[in-house]
Amino acid sequence: MTGIPPMEPALGSIEPLPSFYEKDGNQERNSRQLWRTESKAFVAYETNECHGALIKLSAEDYELVYKSEGGHKGATQFYEEIEVNCVPYDKSKEPVKAVAYRGTEYGRLDQVEDMWPSKRYMGILRSGAAELGLEDSYQKWLADHPVQEPSLFLKKVSINSCLFMGVLRFGLNMHFIPHLQTAMLYQVLVLPKEPAWKQYLGEVAAVIILFPSSMLGFTLRTVLEKSGKTPPMVKKFIEHFEETM
Numbered sequence: 033m034t035g036i037p038p039m040e041p042a043l044g045s046i047e048p049l050p051s052f053y054e055k056d057g058n059q060e061r062n063s064r065q066l067w068r069t070e071s072k073a074f075v076a077y078e079t080n081e082c083h084g085a086l087i088k089l090s091a092e093d094y095e096l097v098y099k100s101e102g103g104h105k106g107a108t109q110f111y112e113e114i115e116v117n118c119v120p121y122d123k124s125k126e127p128v129k130a131v132a133y134r135g136t137e138y139g140r141l142d143q144v145e146d147m148w149p150s151k152r153y154m155g156i157l158r159s160g161a162a163e164l165g166l167e168d169s170y171q172k173w174l175a176d177h178p179v180q181e182p183s184l185f186l187k188k189v190s191i192n193s194c195l196f197m198g199v200l201r202f203g204l205n206m207h208f209i210p211h212l213q214t215a216m217l218y219q220v221l222v223l224p225k226e227p228a229w230k231q232y233l234g235e236v237a238a239v240i241i242l243f244p245s246s247m248l249g250f251t252l253r254t255v256l257e258k259s260g261k262t263p264p265m266v267k268k269f270i271e272h273f274e275e276t277m
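Numbering (the working numbering), first residue to last: 33 to 277.
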């Protein structure tokens with residue numbers, strides 16, 4: 033899934049196995065979904081399963097969750113609903129149907145091979161898996177999954193850039209510039225498995241791309257802080273990412 037590079041290079045999503053589309057009689061739908069079968073996880077779990085918790089929500093609470101994940105945005109939303117079959121660890125209990133989210137074509141990365149998620153993002157998944165008591169093999173898979181961690185300077189530049197781009201995307205409903213910047217950042221994003229000099233050049237290129245929006249974001253942030261009018265959501269966003277520095 034497309035993230036917020038370079039701070040969050042990739043986000044998570046579930047994806048049905050190819051057999052899901054093969055048994056679907058709607059050929060037109062199948063032809064639109066062929067791109068899904070071409071993508072692959074960088075490190076796939078041994079049994080192609082997704083482990084987690086099943087949560088029962090009221091209609092009102094579910095609507096809040098759906099909106100928080102970008103629902104009701106039409107062609108520009110990153111997730112879509114899909115029905116999944118949930119099998120309990122306790123084999124004495126029957127499987128149940130539930131709703132989960134998978135990435136839309138708009139929200140998926142163009143690369144066939146997934147990018148690495150951030151250390152912060154994987155930390156949330158790992159702590160959640162431990163709290164839920166998921167199977168040891170699944171927790172080990174999460175623990176061993178490679179992560180991407182930008183430098184401290186690049187993080188600071190990214191936070192201010194994200195603030196400005198957030199205003200464009202969510203405040204002014206202008207998606208082209210944020211989308212263009214994200215596409216450019218993915219072009220220069222270098223995985224940690226590459227030589228150090230490539231990673232260094234990738235970070236330099238990312239700083240150059242981010243610099244204009246970062247300066248605008250820094251100015252906006254300063255004005256809001258000086259006036260005491262920083263929206264709670266913006267304040268929470270900044271604090272959330274600065275905690276990982």
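Note that the Cβ used here is the ideal one computed from N, Cα and C, for glycine as well.
Asked, Found
"Thr34, DSSP secondary structure in three states", "strand"
"Residues that Lys129 bridges to, as DSSP identifies them", "Asn117"
"Residue span of the alpha helix (DSSP H) that contains Ala85, given as start and end", "Element bounds for Ala85: n/a, residue is neither H nor E."
"CA-to-CA distance, Tyr98 to Ser63, given in whole angstroms", "Here the model assigns Ser63 a pLDDT of 44, short of 50, so the residue's position is not dependable and the matter cannot be decided."
"Glu112 and Arg140 closer than 8 Å at C-beta", "no"
"Cβ contact (3+ pairs, closer than 8 Å) linking the region 231–243 and the region 254–270", "no"
"Distance CB(Leu252)-CB(Leu186) smaller than 8 Å", "no"
"Nonlocal neighbours in the same chain, by C-beta distance under 7 Å from Pro41, ignoring five residues either side", "Gly35, Met147, Trp148, Pro149, Ser150, Gln180 and Leu221"
"Same chain, Cβ closer than 7 Å to Ala130, neighbours up to 5 away in sequence not counted", "Leu86, Val116 and Cys118"
"Pro41 (DSSP reduced to helix, strand or coil)", "strand"
"Inter-residue Cα distance where the pair is His211 and Pro182", "20 Å"
"Through-space distance from Glu275 to Phe250, alpha-carbon basis", "18 Å"
"Length of the line joining the Cα atoms of Phe202 and Phe269", "14 Å"
"Buried or exposed (CB count within 10 angstroms, at least 16 for buried), Val189", "buried"
"C-alpha distance - Leu43 paired with Asp168, whole-angstrom precision", "23 Å"
"Endpoints, alpha helix (DSSP H) assigned at Met154", "Lys151 to Leu164"
"Cβ-based burial, Arg61 [other Cβ within 10 Å; buried from 16]", "With a pLDDT of 47 at Arg61, under the threshold of 50, the modelled position of this residue cannot be trusted; read the value that follows with caution. Answer is exposed; the Cβ neighbour count stays below 16."
"Residue range of the alpha helix (DSSP H) that includes Val255", "Ala228 to Ser259"
"Span of the alpha helix (DSSP H) around His211", "Phe208 to Val220"
"Phe185 - containing alpha helix (DSSP H), residue span", "Leu184 to Gly198"
"Simplified DSSP state of Tyr77, which is helix, strand or coil", "coil"
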